[in-house]
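K.L.:
Okay, here's the structure, questions in a sec.
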Amino acid sequence: MNPDRGDLSEVGQRIEAGALREFVVRLFGADGLSREMAEVVGGGFVEAELLGYRSHGVTKVVNNLSWLRSGETLRAGEPDVLSERPAVACWDARTLPGHWAMHLALQQAIPRARELGAYTMTLQRCQHVACLASTLLPAIEARMIVLMMVSSPDEAFVSPFGGSERLFSNNPIALTAPGPGYPEPSAWPILFDVSMAITAGSQVARSARLGRKLTEPAIKTASGAVTDDPAALRQGGSVMPVGGVGHGHKGHALTIMTEVLSQALAGYGRADARPESELNSVYLQVLDPAAFCAPDAYDREIRCLVERVQSSAPDDPEQPVRIPGQGAWSTRSRQLADGVDLDPGVLAALE
74 MNPDRGDLSE VGQRIEAGAL REFVVRLFGA DGLSREMAEV VGGGFVEAEL
124 LGYRSHGVTK VVNNLSWLRS GETLRAGEPD VLSERPAVAC WDARTLPGHW
174 AMHLALQQAI PRARELGAYT MTLQRCQHVA CLASTLLPAI EARMIVLMMV
224 SSPDEAFVSP FGGSERLFSN NPIALTAPGP GYPEPSAWPI LFDVSMAITA
274 GSQVARSARL GRKLTEPAIK TASGAVTDDP AALRQGGSVM PVGGVGHGHK
324 GHALTIMTEV LSQALAGYGR ADARPESELN SVYLQVLDPA AFCAPDAYDR
374 EIRCLVERVQ SSAPDDPEQP VRIPGQGAWS TRSRQLADGV DLDPGVLAAL
424 E
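Below, the structure is given as structure tokens:
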């Protein structure tokens, strides 16, 4: 075994989670990040993998290492504070790694929200936040509600409703909220991280790499035809917004919302765009449920919501209706116990 690889033992076709985390952390440390930064950044990609967000998990490590080596990502330093009031702030992340920038933002936002009830931040020029859900684990542990939106002003591969020109990035929205009984081991937080495009560009690339069609027609060709062929994106096509041909006006409206909140409020958007950049603009709002109502009242309503959803009649008796986060948290627990199931070729690419 390569001594630089550490004890990256395989369990069947899986990799032990702690060893994978240490391996990825050491990779970032070898490229100049401090141990603390490497643990946050590397750990963020492994957490995405554990939660099942495979398109934004460990497979993204190679790209982020290359940005460190090329100087596109800052290895050290702090964000610049562009503006600040008691309940809001705007930072320039100065191309710091996205997971690290979000780590610092939540370190400020969580105690401020506990004091004030709510705290809102925008950040510009974060380098590749990747999986939003994985960055929110500190807020989950703190029993906070968080709403987060991220966009890439320099990236365009999503078309508007009614058109086929590339205008937007996939602009994900994430939310976490304390679930019923959390943090009991048998409970989970409410958690979702969803793109405003039908599918992420990385998912299209993954399908193309594996020689598969997309699971649904999600792409428009340059001439406006709808297809499930991932190759069409490389040939000048675009990904459609959520809702597709029939109801894409909803995804288009949500995309506009994310660009207003993440780009306009951060002061870095498409007016400042430069080609081939992965820099992100971020909107982050942290809410303390205890500032709004009694904790038992919040828990009662959340429990009622969860129970009503889970007890509703499913279309398929083998597939019960779930609350967002239930599947991701179950996947995380399973992979922590049994090992992480990586896509073919990911480990070889890291080595």
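Following the working numbering, the numbering of the sequence shown begins with 74 at its first residue and continues without gaps.
Heads up, the beta-carbon is just placed ideally off N, CA and C, and yes, glycines get one too.
Predicted model, so just to flag it, every value in this text is computed and none were measured.
Is it true that the CB of Asn244 sits closer than 7 Å to the CB of Thr331?
P.N.:
Start at 1 with the first residue of the sequence shown, and residue 331 comes out as number 258. Start at 1 with the first residue of the sequence shown, and residue 244 comes out as number 171. In contact: Thr331 and Asn244 (Cβ atoms closer than 7 Å).
K.L.:
Determine whether the beta carbon atoms of Ala121 and Gly130 lie at a separation below 7 Å.
P.N.:
On the sequence shown, residue 121 is found 48 positions in, with the first residue counted as 1. On the sequence shown, residue 130 is found 57 positions in, with the first residue counted as 1. Result yes, Cβ atoms of Ala121 and Gly130 sit closer than 7 Å.
K.L.:
Indicate whether Gly117 and Ser207 have their beta-carbon atoms separated by less than 7 Å.
P.N.:
Position 44 of the sequence shown, counting from 1, holds the residue named residue 117. Position 134 of the sequence shown, counting from 1, holds the residue named residue 207. Contact flag set, yes.
K.L.:
Who are the near neighbours of Leu220 in its chain, counting only those whose CB is closer than 6 Å to its CB and skipping five residues on each side?
P.N.:
Numbered from 1 along the sequence shown, position 147 holds the residue referred to as residue 220. If we look at Leu220 and ignore the five residues flanking it on each side, its Cβ neighbours are Leu248, Gln358.
K.L.:
How is Gln392 classed by DSSP in three states: helix, strand or coil?
P.N.:
For the purposes of this step, residue 392 is identified with residue 319 of the sequence shown, where counting begins at 1. Three-state result, Gln392: coil.
K.L.:
Hey, is the region 306-321 in contact with the region 182-198, meaning 3+ C-beta pairs nearer than 8 Å?
P.N.:
Verdict: no, contact absent.
K.L.:
Assign Val84 to buried or exposed, taking buried as 16 or more other Cβ atoms, counted over all protein chains shown, within 10 Å of its Cβ.
P.N.:
One-based indexing of the sequence shown puts residue 84 at position 11. Because the pLDDT at Val84 is just 43, under 50, the model does not fix this residue reliably, and the value given afterwards should be weighed accordingly. Exposed, because fewer than 16 other Cβ atoms sit within 10 Å of the Cβ of Val84.
K.L.:
The alpha helix (DSSP H) with Trp402 in it runs from where to where?
P.N.:
Translated into the one-based positions of the sequence shown, residue 402 becomes position 329. Where Trp402 is concerned, the enclosing alpha helix (DSSP H) stretches over 399-411.
K.L.:
Between the C-alpha atoms of Glu188 and His322, what's the straight-line distance to the nearest angstrom?
P.N.:
Translated into positions along the sequence shown, residue 188 becomes position 115. Translated into positions along the sequence shown, residue 322 becomes position 249. Computed Cα separation, rounded: 39 Å.
K.L.:
Helix, strand or coil: how does DSSP classify Pro362 here?
P.N.:
Sequence index remark: in the sequence shown, residue 362 carries index 289 (1-based). If DSSP states are grouped into helix, strand and coil, Pro362 belongs with the helices.
K.L.:
Quick check on this structure: which residue in Pro387, Arg99, Ser139, Pro170 has the alpha carbon closest to the alpha carbon of Cys204?
P.N.:
Looking up residue 204 in the sequence shown gives position 131. Answer by Cα proximity: Pro170.
K.L.:
Is Ala266 buried or exposed, if buried means 16 or more other CB atoms sit within 10 Å of its CB?
P.N.:
Numbered from 1 along the sequence shown, position 193 holds the residue referred to as residue 266. Reading off the sequence, residue 266 comes out as Asp, not Ala. Buried: at least 16 other Cβ atoms inside 10 Å.
K.L.:
Provide the residue(s) that pair with Trp164 in DSSP beta bridges, ordered along the chain.
P.N.:
The residue given as residue 164 occupies position 91 in the sequence shown. DSSP output for Trp164 lists Val154, Leu196 as bridge partner(s).
K.L.:
In its own chain, which residues sit with a C-beta less than 6 Å from the C-beta of Met222, not counting the 5 before and 5 after it?
P.N.:
In the sequence shown, residue 222 corresponds to position 149, counting from 1. Once the five neighbours on either side are set aside, the close Cβ partners of Met222 are Ile246, Thr331, Leu334, Ser335, Tyr356.
K.L.:
Could you check where the alpha helix (DSSP H) with Leu124 kicks off and where it finishes?
P.N.:
Stepping through the sequence shown from its first residue, residue 124 is reached at position 51. Taken as a continuous stretch (DSSP letters only), the alpha helix (DSSP H) holding Leu124 covers 108-124.
K.L.:
Helix, strand or coil for Ile271, going by three-state DSSP, please let me know.
P.N.:
Position 198 of the sequence shown, counted from the first residue, corresponds to residue 271. The answer is coil: DSSP assigns Ile271 none of H, G, I, E or B.
K.L.:
Taking C-beta to C-beta, are Val134 and Val97 nearer than 7 Å?
P.N.:
Taking the sequence shown and counting its residues from 1, the one referred to as residue 134 is at position 61. Taking the sequence shown and counting its residues from 1, the one referred to as residue 97 is at position 24. It is a contact, given that the beta carbons lie within the stated cut-off.
K.L.:
Phe73 and Ser311: beta carbons closer than 7 Å?
P.N.:
Not covered by the structure: residue 73. The range shown for the chain is 74 to 424.
K.L.:
Can you tell me where the beta strand (DSSP E) with Thr249 in it begins and where it stops?
P.N.:
As a first step, residue 249 must be located in the sequence shown, where it is residue number 176. Where Thr249 is concerned, the enclosing beta strand (DSSP E) stretches over 246-250.
K.L.:
DSSP three-state label for Ser298, please.
P.N.:
Position 225 of the sequence shown, counting from 1, holds the residue named residue 298. In the sequence as presented, Ser is not what sits at residue 298; that position holds Ala. If DSSP states are grouped into helix, strand and coil, Ala298 belongs with coil.
K.L.:
Which of the three DSSP states, helix, strand or coil, is assigned to Met221?
P.N.:
In the sequence shown, residue 221 corresponds to position 148, counting from 1. Residue state, collapsed to three classes: strand.
K.L.:
Could you tell me the distance, in whole angstroms, from the CA atom of Phe241 to the CA atom of Thr168?
P.N.:
For the purposes of this step, residue 241 is taken as the residue at position 168 of the sequence shown. For the purposes of this step, residue 168 is taken as the residue at position 95 of the sequence shown. Approximately 20 Å, taken between the alpha carbons.
K.L.:
Taking the alpha carbon of Ala111 as the reference point, which residue from His320, Tyr126, Glu157, Glu95 has its own alpha carbon closest?
P.N.:
Counted from its first residue, the sequence shown places residue 111 at position 38. Ranking His320, Tyr126, Glu157, Glu95 by Cα distance to Ala111 puts Glu95 first.
K.L.:
To which residues of the same chain is Arg282 closer than 7 Å at the C-beta, ignoring the five residues directly before and after it?
P.N.:
By 1-based counting over the sequence shown, the position of residue 282 is 209. Cβ neighbours of Arg282 beyond the five flanking positions: none.
K.L.:
Return the chain-ordered ranges of every beta strand (DSSP E) run that is complete within the region 335-380 and spans a minimum of 3 residues.
P.N.:
DSSP runs (the beta strand (DSSP E)) wholly in the region 335-380: 352-360.
K.L.:
Could you check what DSSP says for Phe96 in three-state terms: helix, strand or coil?
P.N.:
Looking up residue 96 in the sequence shown gives position 23. Residue state, collapsed to three classes: helix.
K.L.:
Could you please give me the residues that DSSP links to Phe27 through a beta bridge?
P.N.:
In this structure the chain extends from 74 to 424, so residue 27 is not present and cannot be described.
K.L.:
If we count the other Cβ atoms within 10 Å of its Cβ and call it buried at 16 or more, is Met74 buried or exposed?
P.N.:
Mapped onto the sequence shown, residue 74 falls at position 1. Caution is warranted here: a pLDDT of 26 is assigned to Met74, below 50, making its placement in the model unreliable, and the coordinate value is therefore given only provisionally. That one is exposed.
K.L.:
Taking Pro362 as the reference, give the member of Ser128, Gly235, Arg127, Gly252 with the closest Cα.
P.N.:
Position 289 of the sequence shown, counted from the start, is the residue given in the question as residue 362. Taking only the C-alpha atoms, the option nearest Pro362 is Gly252.
K.L.:
Ends of the alpha helix (DSSP H) at Glu145?
P.N.:
Position 72 of the sequence shown holds residue 145. Premise fails: Glu145 is in no alpha helix (DSSP H) and is neither H nor E.
K.L.:
Kindly indicate which three-state DSSP category Ser82 falls into: helix, strand or coil?
P.N.:
Within the sequence shown, residue 82 is the residue found at index 9, counting from 1. Here Ser82 scores only 47 on pLDDT, less than 50, and its place in the model is too uncertain to base an answer on.
K.L.:
Are the CB atoms of Ser224 and Ser427 within a distance shorter than 7 Å?
P.N.:
Nothing in the structure corresponds to residue 427, since the chain is present only between 74 and 424.
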